[in-house]
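Visitor: The structure under discussion is supplied below as structure tokens; questions concerning it will follow.
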Amino acid sequence: FSLRAHLFCWVMNSSQPLQRPCLTQPRAFINLTESHIWEEISGVDEHYTPIRTFQVCNVMEYSQNNWLRTNWIPRNSAQKIYVELKFTLRDCNSIPMVLTCKETFNLHYLETDEDQGSKFREHQFSKIDTIAADESFTQMDLGDRILKLNTEVREVGPMTKKGFHLAFQDVGACVALVSVRVYFKKCPFTVRNLAMFPDTVPTDSQSLVEVRGSCVNNSREEDPPKMYCSTEGEWLVPIGKCLCNIGYEERGVACQACRPGFYKASSGNVECSKCPPHSYTHQEGAVHCDCEKNYFRAEEDPVSMACSRPPSAPRNVISAINETSVILDWSLPADSGGRKDVTFNVVCKRCWPGPRQCEPCLGAVRFLPRATGLTNTTVTVVDLLAHTNYTFEIEAQNRVSPQAPTIRQYAAVTITTNQAAPSAVTVIRKDRTSRNSISLSWMEPERPNGIILDYEVKYYEKEQETSYTILRSKGTNVTLNGLKPDTTYLLQIRARTAAGYGSSSRKFEFETTFSISSENSQVVLIAVSSAVAIILLTVLLYIVISRSVCQSKHSHTGLPGIKTYVDPHTYEDPSQAVHEFAKELEASCIAIDKVVGAGEFGEVCSGRLKLPSKKEICVAIKTLKAGYTEKQRRDFLSEASIMGQFDHPNIIRLEGVVTRSKPVMIVTEYMENGSLDGFLRKHDAQFTVIQLVGMLRGIASGMKYLSDMGYVHRDLAARNILVNSNLVCKVSDFGLSRVLEDDPEAAYTTRGGKIPIRWTAPEAIAYRKFTSASDVWSYGIVLWEVMSYGERPYWEMSNQDVIKAVDEGYRLPPPMECPATLYQLMLDCWQKDRNNRPKFEQSVSILDKLIRNPSSLKITASTASRPVNLLLDRTSTDITSFHTMGDWLESARTLPCKDAFSGVSYSSCDTLAKTSAE
Numbered sequence: 017f018s019l020r021a022h023l024f025c026w027v028m029n030s031s032q033p034l035q036r037p038c039l040t041q042p043r044a045f046i047n048l049t050e051s052h053i054w055e056e057i058s059g060v061d062e063h064y065t066p067i068r069t070f071q072v073c074n075v076m077e078y079s080q081n082n083w084l085r086t087n088w089i090p091r092n093s094a095q096k097i098y099v100e101l102k103f104t105l106r107d108c109n110s111i112p113m114v115l116t117c118k119e120t121f122n123l124h125y126l127e128t129d130e131d132q133g134s135k136f137r138e139h140q141f142s143k144i145d146t147i148a149a150d151e152s153f154t155q156m157d158l159g160d161r162i163l164k165l166n167t168e169v170r171e172v173g174p175m176t177k178k179g180f181h182l183a184f185q186d187v188g189a190c191v192a193l194v195s196v197r198v199y200f201k202k203c204p205f206t207v208r209n210l211a212m213f214p215d216t217v218p219t220d221s222q223s224l225v226e227v228r229g230s231c232v233n234n235s236r237e238e239d240p241p242k243m244y245c246s247t248e249g250e251w252l253v254p255i256g257k258c259l260c261n262i263g264y265e266e267r268g269v270a271c272q273a274c275r276p277g278f279y280k281a282s283s284g285n286v287e288c289s290k291c292p293p294h295s296y297t298h299q300e301g302a303v304h305c306d307c308e309k310n311y312f313r314a315e316e317d318p319v320s321m322a323c324s325r326p327p328s329a330p331r332n333v334i335s336a337i338n339e340t341s342v343i344l345d346w347s348l349p350a351d352s353g354g355r356k357d358v359t360f361n362v363v364c365k366r367c368w369p370g371p372r373q374c375e376p377c378l379g380a381v382r383f384l385p386r387a388t389g390l391t392n393t394t395v396t397v398v399d400l401l402a403h404t405n406y407t408f409e410i411e412a413q414n415r416v417s418p419q420a421p422t423i424r425q426y427a428a429v430t431i432t433t434n435q436a437a438p439s440a441v442t443v444i445r446k447d448r449t450s451r452n453s454i455s456l457s458w459m460e461p462e463r464p465n466g467i468i469l470d471y472e473v474k475y476y477e478k479e480q481e482t483s484y485t486i487l488r489s490k491g492t493n494v495t496l497n498g499l500k501p502d503t504t505y506l507l508q509i510r511a512r513t514a515a516g517y518g519s520s521s522r523k524f525e526f527e528t529t530f531s532i533s534s535e536n537s538q539v540v541l542i543a544v545s546s547a548v549a550i551i552l553l554t555v556l557l558y559i560v561i562s563r564s565v566c567q568s569k570h571s572h573t574g575l576p577g578i579k580t581y582v583d584p585h586t587y588e589d590p591s592q593a594v595h596e597f598a599k600e601l602e603a604s605c606i607a608i609d610k611v612v613g614a615g616e617f618g619e620v621c622s623g624r625l626k627l628p629s630k631k632e633i634c635v636a637i638k639t640l641k642a643g644y645t646e647k648q649r650r651d652f653l654s655e656a657s658i659m660g661q662f663d664h665p666n667i668i669r670l671e672g673v674v675t676r677s678k679p680v681m682i683v684t685e686y687m688e689n690g691s692l693d694g695f696l697r698k699h700d701a702q703f704t705v706i707q708l709v710g711m712l713r714g715i716a717s718g719m720k721y722l723s724d725m726g727y728v729h730r731d732l733a734a735r736n737i738l739v740n741s742n743l744v745c746k747v748s749d750f751g752l753s754r755v756l757e758d759d760p761e762a763a764y765t766t767r768g769g770k771i772p773i774r775w776t777a778p779e780a781i782a783y784r785k786f787t788s789a790s791d792v793w794s795y796g797i798v799l800w801e802v803m804s805y806g807e808r809p810y811w812e813m814s815n816q817d818v819i820k821a822v823d824e825g826y827r828l829p830p831p832m833e834c835p836a837t838l839y840q841l842m843l844d845c846w847q848k849d850r851n852n853r854p855k856f857e858q859s860v861s862i863l864d865k866l867i868r869n870p871s872s873l874k875i876t877a878s879t880a881s882r883p884v885n886l887l888l889d890r891t892s893t894d895i896t897s898f899h900t901m902g903d904w905l906e907s908a909r910t911l912p913c914k915d916a917f918s919g920v921s922y923s924s925c926d927t928l929a930k931t932s933a934e
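The numbering used here puts the first residue of the sequence shown at 17, with every later residue one more than the last.
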């Protein structure tokens, strides 16, 4: 409503009033008192702008009850409405000779399904609030024309009927209504991740409303897009997204077709690509580009690859003839066609004198390594005929050559072979074998190609090919002497004629024999006996060392002076661990006062412990319910085995256990204020920031102690932190915990079971692997819980939505009035790469600095602008050590900002502490 220009205009959006009257009636208010005490009066505001106001000032009479009511206002979709009042009110002390005077007036409302017209029943209206002024004016203010305007906002709801009336009750004040604005909050239409989210009015029944988005034109869902609408009319936690279709790219908040000359072959939010070389497209929305004339693209080529053409012919062909073989060598083509997959084919032709007197070579010709698909520029051709003419055509090809069959690019070379060398020896016989020699014989090669001059015999021990011996024999037999007994040898033979050596035979394998004299037998027997004695001695020594290591392990001392955690599950008998780490108490020393809760294994009680010659203390007692199994008993006592190893002021202290009588009990120190989350919710906004930081420092200190002992908690959350009467926080609940391996980077893999999703690091959820770094992530959630006074992390979102949102980079926003430095520490703890998260030792150091410098906690974080990475800079800079702003700017390496800071009068460290995060 606006009292200006004779009308009151009600608006239904988040902030701005409509620019035109909303009501057709000439008057928006009805005066309900018979004497019309509320008067509509013209005046001017502080800027001398004419305004119309409703005023009442009947302070010279007793018992005032003057009502002013609005027209009927349709509710539409609003469930909770807000009323903003702007008014002035006179100080009663400045009015002489008053009979009755108040400095307040009352705001009421009435929900109805239809307009009440002039009907009025005072008892039907419900009071919203008594409105008082922050500043009242006096007669002197009127003379100086000083308008002391007050603004108050009240919320009403939830509403269920079709509309409502507002009413203002004067009970004897001197007040003027300057304007009234009625509005409700909504999450406005928006486009996020290419998904459209409609105007959404939050309901009052829950903190967040889940809204499903719809993809913009020419796009499709990758993950279902969702956002949450808060009661403040803010969109939170975008999840999922839409992807532009093929041929379309993201421009602003829409998917638009690729321009001519551009294409996009796959869906996704990437830009259209320019057509690769030697390709084009003339239409919009292309998914690929066509090749230019005489350019091609192979079937397996991606559309992003340039079009190419067949290569030119090979160059500089050289031939080297060796009797009936030839080595061909050539250079790469001058033009590869724009590709790197050039291969070569060699075609062999046998020729006679005269034109076109050639035919393909017969199958006896062999190519080494092969005739087609060559990637190197050399090939050896063997088994040619002697004194014969051959032509070799070397053709260059690439993957697009089949698409241009009329284009054949090759180079040719013609050669004439010489006399042929002999063929290979194929048959070798073993005639006689002894300990140190082998006698062999063989058949002459099938094709000697001349007179054989001699044979070359090459032999060597198996696996020792680089150390070989060569003998020459005029005949077809040889005896190899000087060999090692019981040894395997490999042997090859080749023949030599006037044309040279022929091919080597395949490798033949022979073994020498093994025999032992009586004297050698004794030596071997002595050697074997000695070996057996050494093995037995080694086994005995291993057993002695293993027992020593086991005793050392159970003494839980990893290094001199450093206490390390011992997993009770490593004991063959877990009850041994209980008796080693926990003190056995007599049940008669324990008095149970009352039951305070229920645990996994039984009831949790409070009581008293009175030990001989010691003062009685209050304790917490966990009991094991009747009818337990032996496994339940072991699991119940394993927590005591773990807790009993810890001694730190921020770790819950174990007083002892009762195992020799029933019920079985675990007795710990009593924490008067219970769990941290419930304690904070009970005392919402009642602590100073320094008190909260002190609690967080204690939790970090306890976790540093556990981390130093090589212990992973796995379930760090505010519900598992206990608070005593001195606000000291102590880590408790070690039911989910496991031990780290010796390697500090190693992670223990769980055997399954439930995981507290909202507090657990992404890698622990995905791979069920836990480290101290995953505890640091959980500590960041505890930070958020403490600063939000026990609010539930991620509110009412489902676990699956939490997992997806965190994986997509979403992080919890800063709680209300959270210092920027603490929120930055949260973000550091929530780094996706666990190696980038701070160690608990660093967190303790950071919190200590904040406690020593409370001014650093004055800058609050905002959801709109998150602070830069101030904390993990790892520097020890103390802002109070600088004398001038220039010193600090030099230290922070922000010289480009120096003029901006000095230009707005931030000239000292005190004024710097008062800046906003922006």
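In this text, a Cβ means the ideal position worked out from N, Cα and C, and glycines have one as well.
When the Cα atoms are used, what is the spatial distance from Val792 to Leu873?
Guide: 22 Å
Visitor: Identify every run of the beta strand (DSSP E) within the stretch 436 to 482, keeping only runs that are complete inside it and at least 3 residues long; order them along the chain.
Guide: 444 to 449, 454 to 458, 470 to 477
Visitor: What do you get for Phe205, buried or exposed, if any count of 16 or more other CB atoms within 10 angstroms of its CB means buried?
Guide: exposed
Visitor: With DSSP collapsed to three states, give me the class of Arg754.
Guide: Because Arg754 carries a pLDDT of 43, less than 50, the predicted location of this residue cannot be relied on, and no value is offered for it.
Visitor: Starting from Asn122, follow the beta strand (DSSP E) in both directions and report where the run begins and ends.
Guide: 120 to 128
Visitor: Could you say which of Pro330, Lys309, Asn332, Cys305 lies nearest to Val319 if we only look at CA atoms?
Guide: Cys305
Visitor: If you follow the beta strand (DSSP E) that His181 is part of, which residue opens it and which one closes it?
Guide: 179 to 186
Visitor: Kindly indicate the opening and closing residues of the beta strand (DSSP E) around Trp251.
Guide: 251 to 260
Visitor: Which same chain residues end up closer than 7 Å to Gly714 when comparing Cβ atoms and leaving out the 5 residues on each side of it in sequence?
Guide: Asn666, Val744, Cys745
Visitor: What do you get for Leu732, buried or exposed, if any count of 16 or more other CB atoms within 10 angstroms of its CB means buried?
Guide: buried
Visitor: Spatial neighbours of Asn361 within its chain, please: C-beta separation below 6 Å, excluding the five flanking residues on both sides.
Guide: Short of 6 Å from the beta carbon of Asn361, and not among the five residues preceding or following it, lie these beta carbons of its own chain, in chain order: Thr388, Glu411.
Visitor: Measuring alpha carbon to alpha carbon, tell me which of Glu616, Thr359, Lys478, Gly466 ends up nearest Ala515.
Guide: Gly466
Visitor: Go through its chain and collect everything with a Cβ distance to Val303's Cβ below 8 Å, but skip five positions before and after it.
Guide: Ile262, Gly263, Tyr279, Lys280, Ala281, Val319
Visitor: In this structure, how does DSSP classify Trp800 when only helix, strand and coil are distinguished?
Guide: helix
Visitor: Whose C-beta lies closer than 7 Å to the C-beta of Asp131 among residues of the same chain, with five residues either side of it excluded?
Guide: Trp88
Visitor: DSSP beta-bridge partners for Met681?
Guide: Thr639, Val674, per the DSSP bridge assignment.
Visitor: Straight-line CA distance for Gly59 to Thr69?
Guide: 7 Å
Visitor: What separation, rounded to the nearest whole angstrom, lies between the Cα atoms of Ala614 and Arg697?
Guide: 20 Å
Visitor: Look at Ala511 and Tyr475 and say whether their C-beta atoms are less than 9 Å apart.
Guide: no
Visitor: I'd like to know if the stretch 71 to 78 and the stretch 181 to 193 are in contact, where contact means that at least 3 CB-CB pairs between them fall below 8 Å.
Guide: yes
Visitor: Rounded to whole angstroms, how far is the Cβ of Ala636 from the Cβ of Val620, which I believe are closer than 8 Å?
Guide: Right, their Cβ atoms sit about 7 Å apart.
Visitor: Do you know how far the Cα of Ile658 is from the Cα of Thr580?
Guide: Each residue's alpha carbon lies about 11 Å from the other.
Visitor: Considering only their Cβ atoms, is the gap separating Cys203 from Ser246 smaller than 9 Å?
Guide: yes
Visitor: Rounded C-beta distance between Tyr125 and Ser142? I'm assuming under 8 Å.
Guide: 6 Å
Visitor: Mapping the DSSP letters down to three states, classify Asn109 as helix, strand or coil.
Guide: In this structure, Asn109 counts as helix in the three-state DSSP scheme.
Visitor: The beta strand (DSSP E) with Val362 in it runs from where to where?
Guide: The continuous beta strand (DSSP E) containing Val362 extends over residues 359 to 367.
Visitor: So for Tyr795, helix, strand or coil by DSSP?
Guide: helix
Visitor: Could you please give the first and the last residue of the uninterrupted beta strand (DSSP E) stretch that includes Thr504?
Guide: 504 to 513
Visitor: Per DSSP, which one or two residues make a beta bridge with Ile410?
Guide: Val362, Ala427
Visitor: Are Pro809 and Arg774 close, meaning C-beta to C-beta below 9 Å?
Guide: yes
Visitor: Of all the options Ile551, Cys374, Phe524, Leu499, which has the alpha carbon lying nearest to the alpha carbon of Gln508?
Guide: Phe524
Visitor: Below 9 Å between beta carbons: does that hold for Val196 and Leu105?
Guide: no
Visitor: Let's see if you can read the secondary structure: which residues bound the beta strand (DSSP E) around Tyr264?
Guide: 264 to 267
Visitor: In whole angstroms, what separates the C-alpha of Asn109 from that of Ala148?
Guide: 15 Å
Visitor: Could you give the distance in angstroms between the alpha-carbon of Phe408 and the alpha-carbon of Arg488?
Guide: 37 Å
Visitor: Among Ala877, Ser861, Asn852, which has the Cα closest to the Cα of Tyr839?
Guide: Ala877
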